[in-house]
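Protein sequence lines correspond, in order, to chains U and D. Sequential numbering from -8 applies to the first sequence in the numbering used here. Sequential numbering from 73 applies to the second sequence in the numbering used here. Quick reminder that beta carbons are idealized off the backbone N, C-alpha and C, glycines included. Note that the coordinates shown come from a computational prediction; the quantities given were computed from them, not determined experimentally. Reading through the structure tokens given below for one structure.
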Amino acid sequence: MTHSNFASEGIADYTEKNIELAGQLLEKILADPDILDEIPENAMIVVIPNDDAELTAHNLAMAEQWLERKQEVLLYPIGKRQPESDRWQAAHHRFVKYRRREPHLPDSVAPEAGDLKIVYDRDRDVLFVDFFGGRRSAIGAPASDLIAYRIDPDSGEIIGFLVAGFLESIVQRSPQLTTTLRAAEMRSITDEELGGLQPPNTLTAGGTATDQENARELFNVLVNLLTSRSQHLVPQV
Amino acid sequence: MPVVLTNFRMSIGSTGDYMDIRFVRDGKRIIRFTIRGVARIGGDDHDFVRFDTAHGFAHRDLLDWNGNTIAKTELQHSTNFARAMTDAIVDLKSQWKQLRSEFQRRKP
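See below:
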């Protein structure tokens, strides 16, 4: 890819929106100049509006092109959705240094006892999975319509998943995932909300298996769920 | 407290356009900012507009292909940095395409 990969004709419809979002960051800097300490000299900042999937996709493509021009790129997540999990919030970065790395498997999942963290958000029907005890920050990368990888931006390793439509769709496809809820921190989920599902206990989260066995099995189930739909092969751990 | 200068860019459009931004601060106080509108044209970057708080008032400079100012306009809220920044962003948002087109037409 060369410089000419930037569109050579016309001006994208996103120009005005990007200027508006850039203005929001500049106003924050005026109010809190210490933010400047987080920005490397001459870095290119690309806004990632987490409430606008179309613009996010466009701007991530732009980030790729800036990397091609040997430009240091910082992603600046902005928008209405903010991390709600305390651990996730604690690991939240204002800027994320962007590197081109294909999502890949970590050397191991849940390397220490208690590293498998599962949170179920009943209101949104979203399952949050972290294989490193919430110690590592992550950016979300959609892998299908309902499942997103959580990727360590520094290493490119998949450190967890976000699963939307968990009870509504995902457990219908992989019923064994229902047992994941036994190990999840959940907000007042009831048996009724489980829809009376009594799938086979092939996934042993909450049973007698070790954390690492549970984590490995959950990881593989989620990856299989993705690969069976997208034919995008990802090796198992 | 030493004066610190920070320079960074913000990606704007799929043509490769961006804003080049410079803040000068003294401790926790911003004492000057500059925003340059940069257009990617023919594989090269060209400044076509600049917002600056130099000389004690916030103003907009329209630039020619050599980077020289061809028109200077004082911003409405020229002595208040926060409001001047808002003015600059509003102006850029509404006029980026037009100013860029006019710049292209001025090509020698």
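Neighbourhood of residue i by C-beta distance below 7 Å, restricted to the same chain and skipping five residues each side
i: Q148/D; result: D159
i: H131/D; result: D124, K144, T145, E146, L147, S150
i: L188/U; result: Because the pLDDT at L188/U is just 25, under 50, the model does not fix this residue reliably, and the value given afterwards should be weighed accordingly. The answer, listed in chain order, is V162, P166, T169.
i: I113/D; result: Q176
i: L46/U; result: Y5, K8, P40
Beta carbon proximity, residue i to chain D, threshold 8 Å
i: G70/U; result: no
i: P24/U; result: yes
i: A44/U; result: no
i: L185/U; result: With a pLDDT of only 28 at L185/U, under 50, the local geometry of the prediction cannot be trusted, and no value is derived from it.
i: I39/U; result: no
i: H95/U; result: no
i: G156/U; result: no
i: T47/U; result: no
i: Y89/U; result: no
i: G14/U; result: yes
i: L66/U; result: no
i: S6/U; result: Ser is not the amino acid found at residue 6/U; the sequence shown has Thr there. Closer than 8 Å: yes.
i: E55/U; result: no
i: H(-6)/U; result: Bear in mind that a pLDDT of 34 at H(-6)/U, under 50, signals an unreliable position, so the number given afterwards is only what the model happens to contain. True, the Cβ-Cβ gap to chain D drops below 8 Å.
i: K108/U; result: no
i: A34/U; result: yes
i: N230/U; result: No answer is possible for residue 230/U: it lies beyond the span of chain U, which begins at -8 and ends at 228.
Min CB distance residue i to chain U below 8 Å
i: G128/D; result: no
i: R155/D; result: no
i: N79/D; result: yes
i: R178/D; result: no
i: S86/D; result: yes
i: F95/D; result: yes
i: D133/D; result: no
i: L164/D; result: yes
Residues bridged to residue i (per DSSP)
i: T106/D; result: R94/D, D124/D
i: F152/U; result: V120/U, Y140/U
i: M35/U; result: V64/U, R81/D
i: V87/U; result: L66/U
i: L172/U; result: Looking at the DSSP assignment, L172/U forms no beta bridge with any residue, so it has no partner.
i: K144/D; result: D133/D
i: R112/D; result: D117/D
i: I130/U; result: I142/U
i: H242/U; result: Examination of residue 242/U is not possible in this model, given that chain U is present from -8 through 228 alone.
Nearest candidate by alpha-carbon position, reference residue i, set the options
i: G124/U; options: E59/U, D202/U, A54/U; result: D202/U
i: R178/D; options: I161/D, R112/D, F120/D; result: F120/D
i: A175/U; options: E59/U, L158/U, Y111/U, A54/U; result: Y111/U
i: L171/D; options: A154/D, L135/D, F95/D; result: L135/D
i: A52/U; options: F80/D, V76/D, V75/D, I84/D; result: I84/D
i: K165/D; options: A132/U, L172/U, L12/U; result: L12/U
i: D163/D; options: R108/D, P74/D, L77/D; result: R108/D
i: A132/U; options: F152/U, A206/U, E103/U; result: F152/U
i: E204/U; options: L58/U, E59/U, E103/U; result: E103/U
i: N79/D; options: G88/D, F105/D, K100/D; result: F105/D
i: S135/U; options: R127/U, E63/U, L213/U; result: L213/U
i: W168/D; options: I142/U, F157/U, N9/U; result: N9/U
i: H118/D; options: P180/D, G139/D, D98/D, P74/D; result: G139/D
i: I150/U; options: K19/U, R164/U, I130/U; result: I130/U
i: I161/D; options: Q56/U, T171/U, P97/U, L17/U; result: L17/U
i: E208/U; options: V120/U, D43/U, E55/U; result: V120/U
Sequence-distant residues of its chain with Cβ nearer than 8 Å to residue i (five each side left out)
i: L65/U; result: I30, P31, A34, M35, I36, V37, F86, V87, K88, Y89
i: I102/D; result: F95, V96, F153
i: M91/D; result: R81, M82, I84, I107, R108, G109, V110, L164
i: E159/U; result: D116
Residue-level contact to chain C via CB, residue i, 8 Å cutoff
i: E18/U; result: Absent from the structure is chain C; the protein chains it does hold are U and D.
*Taking only beta carbons into account, state which residues of the region 121 to 134 of chain U come closer than 7 Å to chain D, listed in chain order.*
Listed in sequence order: no entries.
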